[in-house]
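Residue numbering for the sequence shown follows our numbering, beginning at 75 and increasing consecutively. Ideal placement from N, C-alpha and C gives every residue a C-beta, glycine not left out.
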Amino acid sequence: MMLEVLVALLVFALGVLGLVGLQATAVKQAGQAKYRSDAALLANELIGTMWVGNRNLATLQTNYSSATEGEGYKLWLEKVSSTLPGVATYPPTVTFTQINPLPALAGTPAGGPVLTPSLRITVTVKWAAPGENLGSNPHNLVMITQMK
(Lines of atoms letter the chains of each structure in order from A and count residues from 1; the text may use other names and numbers.)
(Lines give C-alpha, C1' and ligand atoms only; values in the text may rest on other atoms or scores of the structure.)
Protein backbone atom coordinates (compact mmCIF):
# COMPACT_ATOMS: atom_id res chain seq x y z
CA MET A 1 0.00 0.00 0.00
CA MET A 2 2.88 2.38 0.75
CA LEU A 3 4.35 1.66 -2.70
CA GLU A 4 1.03 2.60 -4.37
CA VAL A 5 0.97 5.92 -2.50
CA LEU A 6 4.56 6.69 -3.58
CA VAL A 7 3.74 5.89 -7.23
CA ALA A 8 0.62 8.07 -7.05
CA LEU A 9 2.65 10.93 -5.58
CA LEU A 10 5.24 10.53 -8.34
CA VAL A 11 2.56 10.65 -11.05
CA PHE A 12 0.94 13.67 -9.38
CA ALA A 13 4.30 15.48 -9.08
CA LEU A 14 5.08 14.87 -12.76
CA GLY A 15 1.67 16.25 -13.71
CA VAL A 16 2.18 19.38 -11.61
CA LEU A 17 5.66 19.91 -13.12
CA GLY A 18 4.15 19.59 -16.60
CA LEU A 19 1.52 22.20 -15.77
CA VAL A 20 4.15 24.59 -14.39
CA GLY A 21 6.21 24.21 -17.57
CA LEU A 22 3.11 24.79 -19.69
CA GLN A 23 2.29 27.95 -17.72
CA ALA A 24 5.84 29.29 -18.17
CA THR A 25 5.66 28.69 -21.93
CA ALA A 26 2.25 30.38 -22.12
CA VAL A 27 3.55 33.48 -20.31
CA LYS A 28 6.58 33.67 -22.62
CA GLN A 29 4.42 33.32 -25.74
CA ALA A 30 2.01 35.99 -24.49
CA GLY A 31 4.95 38.39 -24.14
CA GLN A 32 6.14 37.56 -27.65
CA ALA A 33 2.62 38.13 -29.00
CA LYS A 34 2.62 41.58 -27.41
CA TYR A 35 5.91 42.48 -29.11
CA ARG A 36 4.62 41.19 -32.47
CA SER A 37 1.38 43.17 -32.21
CA ASP A 38 3.28 46.31 -31.12
CA ALA A 39 5.65 45.93 -34.09
CA ALA A 40 2.72 45.52 -36.51
CA LEU A 41 0.96 48.54 -35.01
CA LEU A 42 4.08 50.71 -35.31
CA ALA A 43 4.78 49.65 -38.91
CA ASN A 44 1.14 50.25 -39.84
CA GLU A 45 1.26 53.67 -38.16
CA LEU A 46 4.28 54.69 -40.25
CA ILE A 47 2.63 53.54 -43.48
CA GLY A 48 -0.55 55.39 -42.54
CA THR A 49 1.45 58.56 -41.97
CA MET A 50 2.97 58.17 -45.43
CA TRP A 51 -0.47 57.72 -46.99
CA VAL A 52 -1.81 61.03 -45.70
CA GLY A 53 1.24 63.06 -46.77
CA ASN A 54 2.89 63.75 -50.10
CA ARG A 55 3.32 60.37 -51.81
CA ASN A 56 6.06 61.49 -54.17
CA LEU A 57 9.02 59.05 -54.14
CA ALA A 58 11.62 61.76 -53.53
CA THR A 59 9.62 63.27 -50.66
CA LEU A 60 8.96 59.90 -49.03
CA GLN A 61 12.62 58.90 -49.25
CA THR A 62 13.72 62.23 -47.79
CA ASN A 63 11.29 62.08 -44.88
CA TYR A 64 10.95 58.36 -44.07
CA SER A 65 13.85 56.33 -45.47
CA SER A 66 16.08 54.66 -42.90
CA ALA A 67 19.07 55.38 -45.16
CA THR A 68 18.57 59.16 -45.05
CA GLU A 69 17.09 59.22 -41.51
CA GLY A 70 14.64 62.00 -42.28
CA GLU A 71 12.43 63.76 -39.74
CA GLY A 72 9.50 61.36 -40.14
CA TYR A 73 11.78 58.36 -39.65
CA LYS A 74 13.42 59.87 -36.56
CA LEU A 75 10.05 60.60 -34.91
CA TRP A 76 8.85 57.09 -35.68
CA LEU A 77 12.13 55.56 -34.47
CA GLU A 78 11.65 57.24 -31.08
CA LYS A 79 8.25 55.54 -30.75
CA VAL A 80 9.69 52.19 -31.78
CA SER A 81 12.61 52.54 -29.36
CA SER A 82 10.29 53.33 -26.46
CA THR A 83 7.94 50.43 -27.28
CA LEU A 84 10.13 47.50 -28.35
CA PRO A 85 13.24 46.16 -26.58
CA GLY A 86 16.56 45.83 -28.39
CA VAL A 87 15.84 48.41 -31.10
CA ALA A 88 19.11 50.24 -30.39
CA THR A 89 20.97 47.08 -31.43
CA TYR A 90 18.64 46.26 -34.34
CA PRO A 91 17.28 49.52 -35.83
CA PRO A 92 14.24 49.25 -38.12
CA THR A 93 14.63 49.77 -41.86
CA VAL A 94 12.32 51.52 -44.32
CA THR A 95 13.02 51.10 -48.03
CA PHE A 96 11.27 52.32 -51.18
CA THR A 97 11.17 50.71 -54.61
CA GLN A 98 9.56 52.30 -57.65
CA ILE A 99 7.46 49.88 -59.69
CA ASN A 100 6.85 50.94 -63.27
CA PRO A 101 3.74 49.79 -65.17
CA LEU A 102 4.14 47.07 -67.76
CA PRO A 103 5.67 48.44 -70.99
CA ALA A 104 2.67 47.36 -73.10
CA LEU A 105 0.34 49.25 -70.79
CA ALA A 106 2.52 52.28 -70.19
CA GLY A 107 1.31 54.17 -73.25
CA THR A 108 -1.77 56.32 -73.23
CA PRO A 109 -4.57 54.32 -74.84
CA ALA A 110 -7.27 56.31 -76.57
CA GLY A 111 -9.63 57.43 -73.83
CA GLY A 112 -7.96 55.15 -71.28
CA PRO A 113 -6.26 56.04 -68.02
CA VAL A 114 -2.66 57.15 -67.87
CA LEU A 115 -0.72 54.56 -65.90
CA THR A 116 1.82 55.92 -63.45
CA PRO A 117 4.51 54.16 -61.45
CA SER A 118 3.69 52.96 -57.96
CA LEU A 119 5.86 52.52 -54.89
CA ARG A 120 6.62 49.41 -52.87
CA ILE A 121 7.40 50.31 -49.28
CA THR A 122 9.08 47.73 -47.06
CA VAL A 123 9.16 48.34 -43.30
CA THR A 124 11.25 45.89 -41.26
CA VAL A 125 11.03 46.11 -37.47
CA LYS A 126 13.41 44.00 -35.35
CA TRP A 127 13.52 43.43 -31.60
CA ALA A 128 15.18 41.19 -29.03
CA ALA A 129 13.09 40.23 -26.02
CA PRO A 130 14.63 40.75 -22.58
CA GLY A 131 16.54 37.73 -21.36
CA GLU A 132 17.15 36.29 -24.82
CA ASN A 133 20.60 35.42 -26.07
CA LEU A 134 21.96 38.53 -27.80
CA GLY A 135 24.00 36.38 -30.20
CA SER A 136 20.84 34.84 -31.65
CA ASN A 137 18.88 36.31 -34.51
CA PRO A 138 16.40 39.00 -33.47
CA HIS A 139 12.67 38.65 -33.98
CA ASN A 140 11.41 40.64 -36.93
CA LEU A 141 8.28 41.78 -38.67
CA VAL A 142 8.30 42.77 -42.35
CA MET A 143 5.39 44.80 -43.69
CA ILE A 144 5.20 45.49 -47.41
CA THR A 145 2.69 47.82 -49.00
CA GLN A 146 2.24 49.36 -52.40
CA MET A 147 0.97 52.88 -52.95
CA LYS A 148 0.41 55.21 -55.87
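Identified DSSP bridge partners for residue i
i, result
"Asn214", "Lys200"
"Val168", "Val197"
"Thr219", "Ile195"
Residue burial classification, residue i (beta-carbon count within 10 angstroms, cutoff 16)
i, result
"Gly105", "exposed"
"Val168", "buried"
"Leu120", "buried"
"Leu134", "buried"
"Met124", "buried"
"Val161", "buried"
Chain-order list of residues whose beta-carbon lies under 7 Å from that of residue i (same chain, five-residue window excluded)
i, result
"Leu215", "Arg110, Ala113, Ala114, Ala117, Val199"
"Gly146", "Thr123, Asn137, Tyr138"
"Thr157", "Asp112, Leu116"
Minimum C-alpha distance to residue i - residue among the options
i, options, result
"Tyr203", "His213, Ser156, Phe86, Thr196", "Checking the displayed sequence, the identity of residue 203 turns out to be Ala instead of Tyr. Checked all of His213, Ser156, Phe86, Thr196; the closest Cα to Ala203 is His213."
"Pro166", "Thr99, Leu77, Ala141", "Ala141"
Contact set for residue i: own chain, Cβ-Cβ below 6 Å, skip 5 residues either direction
i, result
"Ile218", "Thr196"
Residues near residue i by beta carbon distance below 8 Å, same chain, minus five either side
i, result
"Phe86", "none"
What ranges does the alpha helix (DSSP H) occupy inside the region 113-154, keeping only unbroken runs of at least 4 residues that lie completely in it? 131-138
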